[in-house]
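Residue numbers (the working numbering): 37 to 368.
All residues carry an ideal CB built from backbone N, CA and C; glycine is no exception.
Everything numeric in this text was worked out from a predicted model, so none of it was measured.
Below is one structure, written out as structure tokens; the observations come after it.
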């Protein structure tokens, strides 16, 4: 049976941009993966969208709009493209352009952007920044240590030797900057390489349980939670091999029962919304909440991302009943 989510758009601060508005909007989707194909497909069904432009896009997005040979990493070219085609708002797929300040520069051009500004993009760009934000908001997450060249690494590993070591780089790594291992040599090598390249690295307490994720569309006035999903990151069968950005996903995730969903809202989503809303720069876009549900049914945050997950986006958007174009523009 198909799960349907009816979006309550009134919770978001939907105010049409009268300086650029026309009959039907022109949207620019930044990115070229399966996530962007899913976004274009959903946007093409919107009665408020007149034209879809994609940079760079892929063979699938050609069915819904015009691809442009502009890399998602080329900020200047993206800005010129948006200006040339009189784009009404931009939807950013990948995280790197957001961390590079694409939203900030679009806003300076009076072009709304579905995706947070550089300040909030650090929630994904820096694991340490995200941990400090969770601490400030009182959001449950794993305890952690920050290790650098002056740290007694062996002592830190000894203190957590009764469980697998969870080691996280503090940079964007395409979903592959985390190692979970019980092999001390593997842990030492990853820590050493990370400190050499990044200056420091995080060692977290291992959180046993089942993973899931929730996409939360928000602006300064409210938020809408999309159904929880579950992706599988290991490269090989049997949940083995290195982590990837995601080998596949399904939605909804059965592990997120009604009672657990309520805990996620009360303990994680609402406190983070309150924290982000208190800052001088409003959060606009989607907050990806990576969750671990323990044996007691208590949720903890594993990570935050500042964009739609891929592949999660591909299995979540088809379950939405409502105008996705209005939703995304309302939160841009």
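(request) Work out the CA separation of residue 318 and residue 108 for me, nearest whole Å. (result) For the purposes of this step, residue 108 is taken as the residue at position 72 of the chain shown. For the purposes of this step, residue 318 is taken as the residue at position 282 of the chain shown. The alpha-carbon separation between residue 108 and residue 318 amounts to approximately 23 Å.
(message) Taking the beta carbon of residue 153 as the centre, do at least 16 other beta carbons fall within 10 Å, making it buried, or is it exposed?
(response) On the chain shown, residue 153 is found 117 positions in, with the first residue counted as 1. By the 10 Å Cβ count, residue 153 comes out buried.
(request) Answer with buried or exposed for residue 133, where buried requires no fewer than 16 other C-beta atoms within 10 angstroms of its C-beta. (result) Locating residue 133 in the chain shown gives position 97, counting from the first residue. Per the 10 Å Cβ criterion, buried.
(request) Given a cut-off of 8 Å, decide if residue 62 and residue 123 are closer than it, judged by their beta-carbon atoms. (result) Taking the chain shown and counting its residues from 1, the one referred to as residue 123 is at position 87. Taking the chain shown and counting its residues from 1, the one referred to as residue 62 is at position 26. The Cβ atoms of residue 123 and residue 62 sit closer than 8 Å to each other.
(message) Rounded to whole angstroms, what is the Cα-Cα separation between residue 291 and residue 205?
(response) Start at 1 with the first residue of the chain shown, and residue 291 comes out as number 255. Start at 1 with the first residue of the chain shown, and residue 205 comes out as number 169. Looking at the two C-alpha atoms, the distance is approximately 28 Å.
(request) Give the straight-line distance between the Cα atoms of residue 142 and residue 112, rounded to the nearest whole angstrom. (result) On the chain shown, residue 142 is found 106 positions in, with the first residue counted as 1. On the chain shown, residue 112 is found 76 positions in, with the first residue counted as 1. Here the C-alpha atom of residue 142 lies approximately 10 Å from the C-alpha atom of residue 112.
(request) Excluding the 5 residues preceding and the 5 following residue 335 in the sequence, name in chain order all residues of the same chain whose CB lies nearer than 8 Å to its CB. (result) As a first step, residue 335 is located in the chain shown; it is residue number 299 there, counting from the start. Answer for residue 335: 176, 296, 299, 300, 303, 304, 327, 328, 329, listed in chain order.
(request) List the DSSP bridge partners of residue 103. (result) Taking the first residue of the chain shown as 1, we reach residue 103 at position 67. Note: residue 103 sits in a beta bridge opposite 90.
(message) Once DSSP output is grouped into helix, strand and coil, what is the label at residue 198?
(response) For the purposes of this step, residue 198 is taken as residue 162 along the chain shown, with counting starting at 1. In the structure shown, the three-state DSSP call for residue 198 is coil.
(message) Going by DSSP in three states, residue 68 sits in which element: helix, strand or coil?
(response) For this step, residue 68 is matched to residue 32 along the chain shown. Residue 68 falls in the coil class under three-state DSSP.
(message) Less than 8 Å between CB atoms is the rule here; does residue 268 satisfy it with respect to chain B?
(response) Among the protein chains of the structure shown there is no chain B, as only one such chain exists.
(request) Compare the Cα-Cα distances from residue 251 to each of 83, 234, 151, 100 and report the closest residue. (result) Taking the chain shown and counting its residues from 1, one reaches residue 251 at position 215. The shortest C-alpha separation from residue 251 is found at 151.
(request) Using a threshold of 8 Å, state whether the C-beta atoms of residue 119 and residue 145 are closer than that. (result) The count along the chain shown starts at 1 and reaches residue 119 at position 83. The count along the chain shown starts at 1 and reaches residue 145 at position 109. Result yes, Cβ atoms of residue 119 and residue 145 sit closer than 8 Å.
(request) Take the Cβ of residue 270 as the centre, count every other Cβ of all protein chains shown within 10 Å, and call the residue buried at 16 or more, exposed below. (result) Along the chain shown, read from residue 1 onward, the residue named residue 270 stands at position 234. By the Cβ neighbour-count rule, residue 270 is exposed, with fewer than 16 other Cβ atoms within 10 Å of its own.
(request) Would you check if the distance between the CB atom of residue 276 and the CB atom of residue 211 is smaller than 8 Å? (result) Residue numbering aside, residue 276 sits at position 240 when the chain shown is read from its first letter. Residue numbering aside, residue 211 sits at position 175 when the chain shown is read from its first letter. No, the pair does not count as a contact, with Cβ atoms beyond the cut-off.
(message) Counting beta carbon pairs with one atom in the region 260-274 and one in the region 309-318, are three or more of them shorter than 8 Å?
(response) At 8 Å Cβ cutoff, the stretches do not touch.
(message) Quick check for students: name the residue ranges of the beta strand (DSSP E) that lie wholly in the region 257-317, counting only runs of 3 or more.
(response) Runs found: 258-261, 266-272, 276-286.
(request) Determine the DSSP secondary structure at residue 80, reduced to helix, strand or coil. (result) What you label residue 80 is simply residue 44 of the chain shown in a count that begins at 1. Residue 80 falls in the helix class under three-state DSSP.
(request) Please classify residue 147: does DSSP put it in a helix, a strand, or coil? (result) Locating residue 147 in the chain shown gives position 111, counting from the first residue. Per DSSP, reduced to three states, the secondary structure at residue 147 is coil, with no helix or strand assignment.
(request) Could you check if residue 249 is buried or exposed, using at least 16 other CB atoms within 10 Å of its CB as the buried criterion? (result) Reading the chain shown from its first residue, position 213 is the one you call residue 249. It is buried - the Cβ of residue 249 has at least 16 other Cβ atoms within 10 Å.
(request) Return the chain-ordered list of same chain residues with a C-beta closer than 7 Å to the C-beta of residue 70, the five sequence neighbours on each side being excluded. (result) To locate residue 70, count along the chain shown from 1; it is residue 34. The beta carbon of residue 70 is closer than 7 Å to those of 346, 347, 350 in its chain, skipping five residues each way along the sequence.
(message) On the criterion of 16 or more Cβ atoms from any shown chain inside 10 Å, does residue 91 qualify as buried, or is it exposed?
(response) Here the question's residue 91 lines up with position 55 in the chain shown. Buried: at least 16 other Cβ atoms inside 10 Å.
(request) Please name the residue, chosen from 355, 361, 360, 202, that lies closest to residue 227 on a Cα-to-Cα basis. (result) Position 191 of the chain shown, counting from 1, holds the residue named residue 227. Comparing Cα positions, the closest option is 202.
(request) Quick one: grab the DSSP three-state call for residue 204. (result) On the chain shown, residue 204 is found 168 positions in, with the first residue counted as 1. Residue 204 sits in a strand when the DSSP states are folded into three classes.
(message) For a quick check, are the C-beta atoms of residue 344 and residue 322 less than 8 Å apart?
(response) Stepping through the chain shown from its first residue, residue 344 is reached at position 308. Stepping through the chain shown from its first residue, residue 322 is reached at position 286. Inclusion of residue 344 and residue 322 in the CB contact set at 8 Å is warranted, their separation being smaller than that value.
(message) Just to confirm the assignment, what range does the alpha helix (DSSP H) spanning residue 227 have?
(response) Here residue 227 is taken as the residue at index 191 of the chain shown, counted from 1. First-last of the alpha helix (DSSP H) with residue 227: 220-234.
(message) Quick check on residue 360: does DSSP put it in helix, strand or coil?
(response) Mapped onto the chain shown, residue 360 falls at position 324. Here DSSP, grouped into helix, strand and coil, assigns residue 360 to helix.
(request) Consult DSSP for residue 133 and reduce its assignment to one of helix, strand or coil. (result) Locating residue 133 in the chain shown gives position 97, counting from the first residue. If DSSP states are grouped into helix, strand and coil, residue 133 belongs with the helices.
(request) For the beta strand (DSSP E) holding residue 323, just list the boundary residues, first then last. (result) By 1-based counting over the chain shown, the position of residue 323 is 287. Where residue 323 is concerned, the enclosing beta strand (DSSP E) starts and stops at 321-329.
(request) Kindly indicate which residue of 64, 117, 216, 76 has the alpha-carbon position closest to the one of residue 359. (result) Sequence index remark: in the chain shown, residue 359 carries index 323 (1-based). Nearest option by C-alpha distance: 76.
(request) Have a look at 293, 265, 294, 136 and flag the residue whose alpha-carbon is nearest the alpha-carbon of residue 285. (result) Sequence index remark: in the chain shown, residue 285 carries index 249 (1-based). It is 265 whose Cα lies nearest to the Cα of residue 285.
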